[in-house]
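Reviewing the structure listed below.
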Amino acid sequence: MRGGTLLIVMLAHGAALTAQTPAARPAGSVPRDAAIAEVVGAAIVHELWYSIARAAFDTTIRAVDLQFPDAEAPVQWKALRQHLLTATRSRPRTPSDSSFWFVRVGEASVAGNTLRVHFTTGGRHTCPACL
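This note's numbering applies: residue 13 is where the sequence shown begins, and numbers increase by one.
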């Protein structure tokens, strides 16, 4: 089982920020939940890089248990869920699955310019006779 705590400290100097192309939306217009889901989603995809690469060459559909901060997840968490299912060639876990991998994302907290969230990735295998 792997996991980590994502700690991001954002330092910005207004006029010093430049981009190669203009931003599609004005700074500060991204909803807080959307920004959190985007940053956490990137960290999860980074953590799952090998599973994503392997899925490109493997036709096996794997069971997965994806748990995000709240059951009524905002649209960004739903988009991340769908992306992970597609990128890893996975399907939602059912009670009869004896083997599955998982991603569990805890509640995010923001204090000042720091985002803190804990997520865990891993896998479980249960003896089919034990189900």
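C-beta: ideal position from N, C-alpha, C; glycine also.
Per DSSP, the unbroken alpha helix (DSSP H) holding Ala67 starts and ends at 61–67.
Sixteen is the threshold: since fewer than 16 other Cβ atoms of the shown chains lie within 10 Å of the Cβ of Thr72, the residue is exposed. Within the model, the alpha-carbon separation for Glu59 versus Gly53 is close to 10 Å. Judged by DSSP in its simplified three-state form, Asp109 adopts coil rather than helix or strand. Gly53 sits in a helix when the DSSP states are folded into three classes. In the DSSP assignment, His137 forms a beta bridge with Ser111.
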